[in-house]
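Peer 1:
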Ligand SMILES: Cc1ncc(C[n+]2csc(CCOP(=O)(O)OP(=O)(O)O)c2C)c(N)n1
Ligand SMILES: [Mg+2]
C-alpha cells in the first residue's frame, strides 16, 4: 500500500476482508489513543516513565494480527499495540506503567510475555520459548521484537545464531524506528540493512515497509508459516518514532524537526484510513464512534488500575513460580521490620 492508500492488487493478501482491514485501523487508532492517554497520565504524575509508540502502529498491529491463536510474543518496552491487539486488559497494562509488579502478570490468553527494558535481553528468552514449542510439538510460533539499537547487542546475534542452528519456530521483528534514544540509524550500524544481519546466521531475512500495515501483515504471516515448519527468520520493519524515546527524553535536543515532518507524511494510520475511506467502509462518523469507545475502555482501565491496592509482598512472590529460600528470608526480614506493611496514610 503506498502513501496514498493505494494497494498493489497482485500482492494484496486475499484473506484480508474489509472487516479485517477495519479491525487493523481500529487497533491502530486504539494504540494511538492509549499513547496519548499515557503521555497525559505521566505528565500528571499518575504513571511512571513511558515509551510511546506513535508512528509505529503499522508494525505492531500488522504483526499482531498476523499471529495465529496460541502463537506467543516477546516484546521490548514499546509494543503497546501488540498487547492491545492480543486482548491485554488495560488495567493490567496500566499497572505496569504505574510501576506495579502485577502489571507483569500477563493473562495466559494474551499469549505475551511482560514488557522487557534491558535492551535485547528478551531475544534469548524468545529463542528458549520457541525451542520449547518445537520440543513440545505445539505447532505454535514465537514472535520476538527488538529495536534498531537492539540489533547491536550480542543477544541479537546469539539469538539468530541459535535460531538457525536449532531450527526453531522463531520470528524476530526488528522495529526499526530510526532512533535508539539519540543515536540515529546511520550511526547504529554500517550494514546497509538491519535485516541482512541474519544472512550470516543462515536464517531467512526480509526488509518490509513498517508503515504499511498490509505489507507487515503479509510478511509476518508468511514468516510464521515458515517458522512453524522450523524455518526461523528476521524481519526488519522500517518505521519511525514520531515522538520522544520516553517521557524522560527531549528529541528536540538532537533531532532535526524537518525529519519528523517528512515522516508525518508517511503516517501509517493516515495511509490505511485513505484506503478504507476510498473503499467506502470508513468515515468521520465511524472514526468518532471508535474514538469514543476507545476513550471509555481506556478510562475504565485507568479507573480500575488506580483503585488497585498494592501488596508489597508481591515484590517477593512474583519473582519465581516457587519461593526460593533466599527470597523467603528477605521477605521474612522485611515483614519483621514491619515498615513496608503500612499503607499510605497509616503513618
Ligand atoms: C542493556 C541496556 N543498555 C542500555 C539501556 C538503555 N536504553 C533503553 S532503550 C535504549 C535504546 C533502544 O533503542 P532501540 O533498540 O532502537 O529501541 P527503541 O527505544 O527505539 O524502541 C537504551 C540504550 C537498556 N535499557 N538496556
Ligand atoms: Mg529504535
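Numbering (the working numbering), first residue to last: 17 to 363. Built from N, CA and C at the ideal position, the CB exists for glycine as well.
Which residues in the same chain as residue 86 place their Cβ atom closer than 6 Å to its Cβ, once the five residues preceding and following it in sequence are excluded?
Peer 2: The residue you call residue 86 lines up with position 70 of the chain shown. Excluding residues within five positions, the ones whose Cβ falls inside 6 Å are 156.
Peer 1: Consider the C-beta atom of residue 196 and the heavy atoms of ligand 2; say whether any pair is separated by less than 7 Å.
Peer 2: Within the chain shown, residue 196 is the residue found at index 180, counting from 1. Flag set: Cβ of residue 196 near ligand 2.
Peer 1: Along the alpha helix (DSSP H) that carries residue 308, what are the first and last residues, could you check?
Peer 2: For the purposes of this step, residue 308 is taken as residue 292 along the chain shown, with counting starting at 1. Taken as a continuous stretch (DSSP letters only), the alpha helix (DSSP H) holding residue 308 covers 300-323.
Peer 1: Tell me which same chain residues have a C-beta within less than 7 Å of the C-beta of residue 46, skipping the five on either side of it?
Peer 2: For the purposes of this step, residue 46 is taken as the residue at position 30 of the chain shown. Hits under 7 Å: 100, 310.
Peer 1: Between residue 109 and residue 233, is the Cβ-Cβ spacing less than 8 Å?
Peer 2: By 1-based counting over the chain shown, the position of residue 109 is 93. By 1-based counting over the chain shown, the position of residue 233 is 217. No; because the gap between Cβ atoms is not below 8 Å, this pair is not in contact.
Peer 1: Counting along the chain, where does the beta strand (DSSP E) carrying residue 161 start and finish?
Peer 2: Start at 1 with the first residue of the chain shown, and residue 161 comes out as number 145. Residues 158-163.
Peer 1: Given that a residue counts as buried once 16 or more other Cβ atoms are within 10 Å of its Cβ, and exposed if not, what is residue 352?
Peer 2: Taking the chain shown and counting its residues from 1, one reaches residue 352 at position 336. Answer is exposed; the Cβ neighbour count stays below 16.
Peer 1: Quick test of the definition: if touching needs 3 or more C-beta pairs under 8 Å, does the region 88-97 touch the region 65-74?
Peer 2: Yes: the two stretches touch, three or more of their Cβ pairs being nearer than 8 Å.
Peer 1: If you follow the alpha helix (DSSP H) that residue 188 is part of, which residue opens it and which one closes it?
Peer 2: Working through the chain shown from its first residue, we reach residue 188 at position 172. Unbroken run through residue 188 is the beta strand (DSSP E), 186-192; no alpha helix (DSSP H).
Peer 1: For residue 28, which three-state DSSP category applies?
Peer 2: Sequence index remark: in the chain shown, residue 28 carries index 12 (1-based). DSSP places residue 28 in coil when its eight states are reduced to three.
Peer 1: Kindly examine ligand 2 and report whether one of its heavy atoms sits closer than 7 Å to the Cβ of residue 193.
Peer 2: Start at 1 with the first residue of the chain shown, and residue 193 comes out as number 177. Indeed, a heavy atom of ligand 2 lies less than 7 Å from the Cβ.
Peer 1: If you compare alpha carbons, which of 225, 247, 88 is closest to residue 287?
Peer 2: Mapped onto the chain shown, residue 287 falls at position 271. Among 225, 247, 88, the Cα nearest to that of residue 287 belongs to 225.
Peer 1: Nearest by alpha-carbon distance to residue 75: which of 228, 37, 201, 172 is it?
Peer 2: What you label residue 75 is simply residue 59 of the chain shown in a count that begins at 1. That would be 228, whose Cα lies nearest to the Cα of residue 75.
Peer 1: Work out the CA separation of residue 316 and residue 291 for me, nearest whole Å.
Peer 2: Residue numbering aside, residue 291 sits at position 275 when the chain shown is read from its first letter. Residue numbering aside, residue 316 sits at position 300 when the chain shown is read from its first letter. Rounded to the nearest angstrom, the two C-alpha atoms are 31 Å apart.
Peer 1: Please state whether DSSP places residue 327 in a helix, a strand or coil.
Peer 2: Start at 1 with the first residue of the chain shown, and residue 327 comes out as number 311. Looking at residue 327 - three-state DSSP - the assignment turns out to be coil, as it is neither helix nor strand.
Peer 1: Could you spell out where the alpha helix (DSSP H) holding residue 55 opens and where it closes?
Peer 2: If you number the chain shown from 1, residue 55 lands on position 39. Residues 34-59.
Peer 1: For ligand 2, is there any heavy atom lying closer than 7 Å to the beta carbon of residue 271?
Peer 2: In the chain shown, counting from the first residue as 1, residue 271 sits at position 255. Because no heavy atom of ligand 2 lies under 7 Å away, the Cβ of residue 271 does not count as near it: no.
Peer 1: Pairs of beta-carbons, one from the region 163-182 and one from the region 134-154, closer than 8 Å: are there three or more?
Peer 2: The region 163-182 vs the region 134-154: in contact.
Peer 1: Since residue 41 contacts residue 289 with CB under 8 Å, what's their CB separation in whole angstroms?
Peer 2: Along the chain shown, one-based indexing puts residue 41 at 25. Along the chain shown, one-based indexing puts residue 289 at 273. Rounded, the Cβ-Cβ distance is 6 Å, consistent with contact.
Peer 1: Going by C-alpha to C-alpha distance, which of 305, 296, 48, 329 sits closest to residue 34?
Peer 2: Start at 1 with the first residue of the chain shown, and residue 34 comes out as number 18. Comparing Cα-Cα distances from residue 34 to each of 305, 296, 48, 329, the minimum goes to 296.
Peer 1: My assumption, with CB atoms under 8 Å, is that residue 140 sits in contact with residue 167. Please give the rounded CB distance.
Peer 2: The residue labelled residue 140 in the question sits at position 124 within the chain shown. The residue labelled residue 167 in the question sits at position 151 within the chain shown. With 8 Å as the limit, residue 140 and residue 167 do not qualify as a contact, their Cβ atoms being about 14 Å apart.
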